[in-house]
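In this note's numbering, the protein residues as written are 163 to 252.
Single-structure report; data block below.
This is the structure in structure tokens:
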């Protein structure tokens, strides 16, 4: 008799083609021992759960953040990015 295992609800099962193209970005602040602030950017790909890009700067600008996304995803893919915040789609 063959026993059926329950299907595991994973993102890859729900969206098999889109999962490889989903990435998450986090901006964070790291205080140093000399009381300076460093700003970091981490972009992770959800398809294989690996780091696409990591950057650190002392003076973040909008241009720097846009450059991080472009370096992580490439120019063509960076144009098709949707940003989701805690309040909804931007």
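Cβ atoms here follow ideal geometry from the backbone N, Cα and C, with glycine treated the same way.
Chain-order list of residues whose beta-carbon lies under 8 Å from that of residue 220 (same chain, five-residue window excluded): What you label residue 220 is simply residue 58 of the chain shown in a count that begins at 1. Closer than 8 Å at Cβ, skipping near neighbours: 198, 199, 200, 201.
Straight-line gap, residue 207 to residue 193 (C-alpha atoms, nearest Å): Locating residue 207 in the chain shown gives position 45, counting from the first residue. Locating residue 193 in the chain shown gives position 31, counting from the first residue. Spanning the two alpha carbons is a distance of roughly 26 Å.
Length of the line joining the Cα atoms of residue 190 and residue 228: Indexing the chain shown from 1 puts residue 190 at position 28. Indexing the chain shown from 1 puts residue 228 at position 66. Whole-angstrom Cα-Cα distance: 16 Å.
Proximity below 8 Å, CB of residue 230 to CB of residue 217: Looking up residue 230 in the chain shown gives position 68. Looking up residue 217 in the chain shown gives position 55. In contact: residue 230 and residue 217 (Cβ atoms closer than 8 Å).
Residue 184 in three-state terms, based on DSSP: The residue labelled residue 184 in the question sits at position 22 within the chain shown. Residue state, collapsed to three classes: coil.
Segment limits, beta strand (DSSP E) that includes residue 205: As a working mapping, residue 205 is identified with position 43 in the chain shown. From DSSP, the beta strand (DSSP E) with residue 205 extends over 199-207.
Range covered by the alpha helix (DSSP H) that runs through residue 232: Mapped onto the chain shown, residue 232 falls at position 70. Taken as a continuous stretch (DSSP letters only), the alpha helix (DSSP H) holding residue 232 covers 224-235.
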